[in-house]
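Below is one structure; the comments refer to it alone.
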Amino acid sequence: MDFNNNLIDLTEDEFNEIRKILYSSFGISLNDNKRSLVIGRLRKVVMKKGFTSFTDFIEHIKADSSGKSMQELINRMSTNHTFFFREQDHFDILAASVLPEVISRIASSGSKDLRVWCAAASSGEEPYSILMTMMETLGSAYSDLQAGLLATDISEEMLNFARKGIYPNDRIVQIPKALRLRYLRSVGEDGWQFLPEIRKEIAFRRLNLIQDRFPFKKQFHIVFCRNVMIYFDQDTRQQLVARLHEWIMPGGYLFVGHSESIRTPECPFEFVRPSVFRKRE
Numbered sequence: 123m124d125f126n127n128n129l130i131d132l133t134e135d136e137f138n139e140i141r142k143i144l145y146s147s148f149g150i151s152l153n154d155n156k157r158s159l160v161i162g163r164l165r166k167v168v169m170k171k172g173f174t175s176f177t178d179f180i181e182h183i184k185a186d187s188s189g190k191s192m193q194e195l196i197n198r199m200s201t202n203h204t205f206f207f208r209e210q211d212h213f214d215i216l217a218a219s220v221l222p223e224v225i226s227r228i229a230s231s232g233s234k235d236l237r238v239w240c241a242a243a244s245s246g247e248e249p250y251s252i253l254m255t256m257m258e259t260l261g262s263a264y265s266d267l268q269a270g271l272l273a274t275d276i277s278e279e280m281l282n283f284a285r286k287g288i289y290p291n292d293r294i295v296q297i298p299k300a301l302r303l304r305y306l307r308s309v310g311e312d313g314w315q316f317l318p319e320i321r322k323e324i325a326f327r328r329l330n331l332i333q334d335r336f337p338f339k340k341q342f343h344i345v346f347c348r349n350v351m352i353y354f355d356q357d358t359r360q361q362l363v364a365r366l367h368e369w370i371m372p373g374g375y376l377f378v379g380h381s382e383s384i385r386t387p388e389c390p391f392e393f394v395r396p397s398v399f400r401k402r403e
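If you want my numbering, it's the position in the sequence shown, counting the first as 1, plus 122.
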C-alpha cells in the first residue's frame, strides 16, 4: 500500500499564498527553496484538522477572526533553535564592559532603573542566560537596582514554555554547574527548572517585531535582538533597526546575531565590534 497517496500536497499557488501571509503578518521572507520546509512543518497540522487541501487551511486562517489559527501558523513556522549562552562572547562582553558602563551611567544620573530587553526570546534560553549574566556580574548590587528584563516573542507557545522554565537535562549542559546549582533545581526526570525567584525577574510578553509601534513607555539600556533578522528581507530589517534605535537610550547597546549585519550607510548605530552596536549620545 502506498501511504503517500493519502498525503496532502502543496501546490505552487498555495506555497506562494502562505509566503504572502508569513511576510505580511510576521515579516518572515521565504525564498523559493523553502517549499519542503513549509510542507514538513504544516502538513500534519492541516491533516489533523481534517482539511483536504492547503487551500482549505489557508482560507480557515483568513476567516478566523480570533487570531488563533494565525498564531498556530507562526508557532509551527517560527524557528526555535537556540541554547543557553549561545554566542558566548556576547555574554562575556555584557559582563566585562557593557554592564559596568551602563551601571556607572545609571548611578551618575541618580537612577536605579536598569532596563534590558530580549526581543526574540524563543523558548527562553537567551533571556535566562542574560539574567544569569546580570546577576553574576552585579552580585549584591543587583537587588539594589530596579532591574527589569523584558523577553518577547511572536510565539505564545514558546513563551508559555519559557515561563515554566523547565528544561530537559540535554538542554542545560551549556549552563556551568555552579550556575545550575545556584539558579535552578532538579525536577527529576523532567530535567531542571529555574527557581521561582529567578523566573519572576523576567516578564515574558508576546510581541510582533514588525508591528508599526511598540507598546513601551521607556527606552532600554541594552537590547538583544539576535538571530531573527536573518528571516527578514532588507527593507524589513531596516525598519526594525529604526524601531530598535527609537527604543534604545542614547549610549545604549544593541546585540545582534553573529550571522547578521546591520552595517549599512543608513545604520543609525555606531559600530562597537562585530554584532555589537551602540546608540550615539
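Think of the CB as a built atom: it goes at the ideal place given N, C-alpha and C, for glycine as much as any other residue.
**Q.** Opening and closing residue of the alpha helix (DSSP H) in which Gln-356 lies
**A.** 356 to 368
Q | Separation of Ile-370 from Pro-390, as counted between CA atoms | A | 11 Å
Q: Could you please give me the residues that DSSP links to Ile-324 through a beta bridge?
A: For Ile-324, which the question treats as bridged, DSSP gives the partners Leu-271.
Q. Between Phe-176 and Ile-150, what straight-line distance do the alpha-carbon atoms span, to the nearest angstrom?
A. 19 Å
Q) Any contact of the stretch 263 to 270 with the stretch 291 to 308, i.e. 3+ C-beta pairs under 8 Å? A) Counting C-beta pairs with one atom in each stretch, the stretch 263 to 270 and the stretch 291 to 308 have fewer than three that are closer than 8 Å, which means they do not touch.
Q: Tell me whether Asn-126 is buried or exposed, calling it buried when 16 or more other Cβ atoms sit within 10 Å of its Cβ.
A: Confidence at Asn-126 is low in this model, with a pLDDT of 45, below 50, so the placement of that residue should be treated as unreliable; the coordinate-derived value is given next. Answer is exposed; the Cβ neighbour count stays below 16.
Q) Would you report the Cα separation of Ser-219 and Asn-155, rounded to the nearest angstrom? A) Ser-219 and Asn-155: Cα-Cα distance of roughly 42 Å.
Q: Go through its chain and collect everything with a Cβ distance to Ser-89's Cβ below 8 Å, but skip five positions before and after it.
A: In the structure as shown, the chain starts at 123 and stops at 403, and residue 89 therefore has no counterpart that could be examined.
Q: Starting from the Cα of Ser-251, find the closest Cα among Glu-279, Ser-265, Leu-306 and Ser-277 and give me that residue.
A: Leu-306
Q.
Quick check on DSSP: helix, strand or coil for Leu-129?
A. coil
Q: Going by CA-CA distance only, name the one from Asp-266, Ile-196, Arg-359 and Ser-397 that's closest to Ser-233.
A: Asp-266
(Q) For Gln-356, tell me which candidate among Ser-308, Leu-216, Val-168 and Ser-383 has the shortest Cα-Cα distance. (A) Ser-383
Q. Starting from His-343 and walking both ways along the alpha helix (DSSP H), at which residues does that stretch end?
A. No alpha helix (DSSP H) contains His-343, which is instead part of the beta strand (DSSP E) from 342 to 346.
Q | Backbone CA spacing between Arg-237 and Ser-200 [nearest angstrom] | A | 27 Å
Q | Euclidean distance between Cα positions of Val-350 and Ala-364 | A | 15 Å
Q) From His-212, Ser-158, Lys-142 and Ile-180, pick the residue whose C-alpha is nearest to that of Phe-399; which is it? A) His-212
Q.
In whole angstroms, give me the CA-to-CA distance for Ser-158 and Glu-403.
A. Looking at the two C-alpha atoms, the distance is approximately 46 Å.
Q: Have a look at Ile-215 and Ile-143 and give me their C-alpha separation to the nearest angstrom.
A: 38 Å
Q) Which partner residues does Ile-288 have in the DSSP bridge list? A) Per DSSP, Gln-315.
Q. In its own chain, which residues sit with a C-beta less than 7 Å from the C-beta of Leu-132, not counting the 5 before and 5 after it?
A. Cβ within range, chain order: Arg-157, Val-160, Ile-161 and Phe-176.
Q: Return the first residue and the last residue of the alpha helix (DSSP H) that Phe-213 is part of.
A: 210 to 215
Q) Under a three-way DSSP split, which group does Gly-172 fall into? A) coil
Q.
Rounded to the nearest angstrom, what separates Ala-217 and Phe-137 at their Cα positions?
A. Computed Cα separation, rounded: 45 Å.
Q. Which value, in whole angstroms, describes the spacing of the CA atoms of Pro-249 and Ile-130?
A. 38 Å
**Q.** Beta-bridge partners of Val-398, as assigned by DSSP
**A.** Phe-377 and Arg-395
**Q.** Backbone CA spacing between Met-123 and Ala-242 [nearest angstrom]
**A.** With a pLDDT of only 33 at Met-123, under 50, the local geometry of the prediction cannot be trusted, and the value read off the model is given with reservation. Taking the straight line joining both Cα atoms gives about 45 Å.
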